[in-house]
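In this note's numbering, the protein residues as written are 6 to 433. A short write-up of the structure that comes next.
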Amino acid sequence: MATSAFQRLPGFRDFPPEELALRSHIQEAWRRVSRRYGFQEYDGPPLEPLELYVEKSGAEIVGQLYNFTDKGEREVALRPEMTPSLARILGDRSRGMSKPIRWFSTPQLFRYERQQRGRLREHFQWNVDIVGEEDVAADAEVLAVAIDGLRELGLGPDDFRARVSDRRLLREVLLAVGVEEERLPTAFGIIDKLERMPRDKARATLLKDAKLGSAETDGLLELLDSAGLDAVRARFGDRGAVAAELARLAQYLGALEAMGLGAFVQFDLRIVRGLAYYTGIVFELFDRKGALRAICGGGRYDRLLELVGGEPLPAVGFGMGDVVLGELLAERGLLPAYERALDYFVVAVSPEQRAQALRIAHTLRDRGSSVAYALKAELGVTKQLKAADREGAKEVLIVGPDELARGCVVAKNMESGGEREIALSELT
RNA sequence: GUGGGCGUAGCUCAGCUGGUUAGAGCGCCUGACUGUGGCUCAGGAGGUCGGGGGUUCAAGUCCCCUCGCUCACCCCA
């Protein structure tokens, strides 16, 4: 492949107009849905102090940071996720803000890792968060936004589903099964990886690392596989702590059901999420076929704002990346064909009409229309029409000596080919 | 970080076991068509065969290195 002297950095994308149109298609849908739910848009710096991520996000993210030392000897990182920045921004000003705070953003995020399908070193991620509301209704609202973001792009219940769980419930279930308190993080880690692990390995790991008995392990695995609230209720519903968590989850699922989004939601105790800061309900959105990576992930993180030095505020939110989503949309034929669009293309039949054509073009632009014309003044009418066609003009205004003499121009509709005359007085 | 596959025109690709001036389709440019686009026809431009080194009389083709892409692992925004 002929290469220019400078190559693009690996894992980064160029966005020529056709590609940018696809990206915008997605981002504009995200924005429409966010605003429909009453969220306000914000942004932060793409470069942050390294330590913002080191303790807060867990080792998983830190190992993949795109970080370096700047000229001021500061350890910095390109942001790998938005939530820590949000926490910092709110830490500075949330005390004076009315709650709940509903904010969204579509930042470009970065990671340093070898790229593969659905994962580059850079992507755009839709972040939606509700801060300052502990009610489970906030959790439901946030998941509803995520689901509607995908619906807005044409995806339905046959295309994707949300798998939801609650870390508090999982914690109580694990305690009930007999996992020791200090083994809980280990057990969480194993369950998070369960689906990517062979059965016997999962079993062996639970036995060894989570220090579970053989019968308990089998019981737990069976429960996780059953993927139903009823199974949990049947086995542990009589335990007060479990029952309380089940009640909250039922309320959550009920809210989504009431919104008419029940078909998209499925309880699944195996959803844990890798990030360390999640504290409650967590969820992930997957394509139905299970062929792609998770499209979206999120959950409740009630301690994070405190951790970065802010007001202790409960929070819930999600991130949805553009790369996997773009793949899914392409697969389903839901990406729009790229086309150029122009309201008018002004043709001067000969250079003598050039000044008049420029005047018309500018008048129309002042009125808000998109207008172009051939920059080379000496092009023939044929070439100008070809150019008009290429640029996607809806209508071509032909400015010629005969028409000018009669005080008008010819307006040619480029789709039908039909022509009509417009008085010059209407165009200047 | 580990392993597999792949790099030929702007794009998609063809080039048999090494053998003359490296091809096709699409796109682009020009003309047929100096006041009417799409369609058609004719012509044209465009390649250090990713880069470097080696083997050979001869390398797009074989070998080594390197860069990039891609898939998987690790991990998972």
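A virtual CB, placed ideally from N, CA and C, is assigned to each residue, including glycine. All values derive from a computational prediction rather than experimental measurement.
List the DSSP bridge partners of residue i.
{"i": "residue 54", "result": "81"}
{"i": "residue 168", "result": "271, 289"}
{"i": "residue 135", "result": "107, 321"}
{"i": "residue 377", "result": "350"}
{"i": "residue 30", "result": "For residue 30, which the question treats as bridged, DSSP gives no partner whatsoever."}
{"i": "residue 71", "result": "83"}
{"i": "residue 115", "result": "127"}
{"i": "residue 304", "result": "287, 322"}
{"i": "residue 121", "result": "124"}
{"i": "residue 45", "result": "108"}
Return yes when the Cβ of residue j is within less than 8 Å of the Cβ of residue i, no when it is not.
{"i": "residue 321", "j": "residue 304", "result": "yes"}
{"i": "residue 269", "j": "residue 203", "result": "no"}
{"i": "residue 386", "j": "residue 351", "result": "no"}
{"i": "residue 333", "j": "residue 286", "result": "no"}
{"i": "residue 172", "j": "residue 283", "result": "yes"}
{"i": "residue 363", "j": "residue 396", "result": "no"}
{"i": "residue 124", "j": "residue 277", "result": "no"}
{"i": "residue 79", "j": "residue 54", "result": "yes"}
{"i": "residue 30", "j": "residue 340", "result": "yes"}
{"i": "residue 365", "j": "residue 401", "result": "no"}
{"i": "residue 260", "j": "residue 142", "result": "yes"}
{"i": "residue 207", "j": "residue 179", "result": "no"}
{"i": "residue 150", "j": "residue 313", "result": "no"}
{"i": "residue 174", "j": "residue 70", "result": "no"}
{"i": "residue 343", "j": "residue 92", "result": "no"}
{"i": "residue 46", "j": "residue 103", "result": "no"}
{"i": "residue 293", "j": "residue 164", "result": "yes"}
{"i": "residue 99", "j": "residue 316", "result": "yes"}
From what residue to what residue does the beta strand (DSSP E) around residue i run?
{"i": "residue 350", "result": "347–353"}
{"i": "residue 417", "result": "413–418"}
Measuring alpha carbon to alpha carbon, tell me which residue in the options is nearest residue i.
{"i": "residue 112", "options": "136, 93, 87", "result": "87"}
{"i": "residue 325", "options": "389, 114, 391", "result": "114"}
{"i": "residue 182", "options": "105, 106, 169, 217", "result": "217"}
{"i": "residue 48", "options": "418, 307, 95, 37", "result": "95"}
{"i": "residue 241", "options": "219, 177, 271, 288", "result": "177"}
{"i": "residue 264", "options": "148, 376, 137, 43", "result": "148"}
{"i": "residue 358", "options": "344, 409, 318, 210", "result": "409"}
{"i": "residue 356", "options": "106, 219, 382, 291", "result": "382"}
{"i": "residue 231", "options": "246, 273, 221, 215", "result": "273"}
{"i": "residue 290", "options": "153, 369, 256", "result": "153"}
{"i": "residue 376", "options": "388, 384, 392", "result": "392"}
{"i": "residue 280", "options": "262, 253, 308", "result": "308"}
{"i": "residue 215", "options": "97, 185, 255, 360", "result": "185"}
{"i": "residue 22", "options": "349, 345, 431, 360", "result": "345"}
Tell me which residue opens and which closes the alpha helix (DSSP H) that residue i is part of.
{"i": "residue 191", "result": "189–198"}
{"i": "residue 425", "result": "That residue, residue 425, is in no alpha helix (DSSP H); its beta strand (DSSP E) goes 424–428."}
{"i": "residue 332", "result": "327–336"}
{"i": "residue 313", "result": "Where residue 313 is concerned, there is no enclosing alpha helix (DSSP H), given that its DSSP letter is neither H nor E."}
{"i": "residue 154", "result": "141–157"}
{"i": "residue 90", "result": "88–98"}
{"i": "residue 207", "result": "204–214"}
{"i": "residue 3", "result": "Any question about residue 3 goes unanswered here, given that the chain covers just 6 to 433."}
Quiz item: Fully enclosed by the segment 229–278, which alpha helix (DSSP H) runs are 4 residues long or longer?
Solution: You should have 234–241, 245–263.
Quiz prompt | Whole alpha helix (DSSP H) elements within the segment 380–407, 4-residue minimum | solution = Runs of the alpha helix (DSSP H) inside the segment 380–407: 386–395.
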